[in-house]
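A.B. asks: Under this note's numbering, think of the first position of the sequence shown as 51, with each following residue one higher.
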Amino acid sequence: MVWNKVFACKIDSQILGENKGKIDWRQGYDYGLKHEVYDLPWEIEEQCCSYLEQLGLNFGCFDIIVTPQNEYVFLECNPNGQWLWIEQKTGLKISESIAKCLIHSEGKRQVF
Numbered sequence: 051m052v053w054n055k056v057f058a059c060k061i062d063s064q065i066l067g068e069n070k071g072k073i074d075w076r077q078g079y080d081y082g083l084k085h086e087v088y089d090l091p092w093e094i095e096e097q098c099c100s101y102l103e104q105l106g107l108n109f110g111c112f113d114i115i116v117t118p119q120n121e122y123v124f125l126e127c128n129p130n131g132q133w134l135w136i137e138q139k140t141g142l143k144i145s146e147s148i149a150k151c152l153i154h155s156e157g158k159r160q161v162f
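#1: Please report the straight-line C-alpha distance between TYR79 and HIS85, rounded to a whole angstrom.
#2: In chain order, which continuous runs of the beta strand (DSSP E) of length 3 or greater are located wholly inside the stretch 55 to 130?
#3: What does the alpha-carbon distance come out to for the pair ASN54 and GLU121?
#4: Quick one: using the 10 Å Cβ neighbour count with 16 as the cut-off for buried, is ILE136 buried or exposed?
#5: Can you find the residues in the same chain that come closer than 8 Å, C-beta to C-beta, to THR117, ignoring five residues on each side of it along the sequence?
#6: With LEU90 and SER63 assumed to form a contact (beta carbons below 8 Å), what rounded beta-carbon distance in angstroms separates them?
#7: Work out the CA separation of ILE65 and ALA58 for me, nearest whole Å.
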């Protein structure tokens, strides 16, 4: 998330075998782990925006699990998380949004 702009990516590790990323999704790289653009529910987007706002952050990479019961479980927010690989795999315009943020921020948090 860059300010109030959400860039969500689904990494479905559960379609892989036990030793191929099902438990630790990073093990799935060599087994065709798919990355795809994902639409978060509005309520989850709002909670992420509120989280960043309360911490005074302009950027954060959220790790969230969606359970088989369709429950969203927050794991963490990385305030300096890695994002370029998500942009490269999905085409999401994260770097463009970060550039706009830097150009227009003038040292303060803004929503655009």
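Even glycine gets a Cβ: it sits at the ideal position worked out from N, Cα and C.
C.D. replies: Based on what the coordinates show:
#1: 10 Å
#2: 59 to 61, 85 to 87, 111 to 116, 122 to 128
#3: 22 Å
#4: buried
#5: VAL123
#6: With a Cβ gap of about 18 Å, LEU90 and SER63 do not count as contacting.
#7: 19 Å
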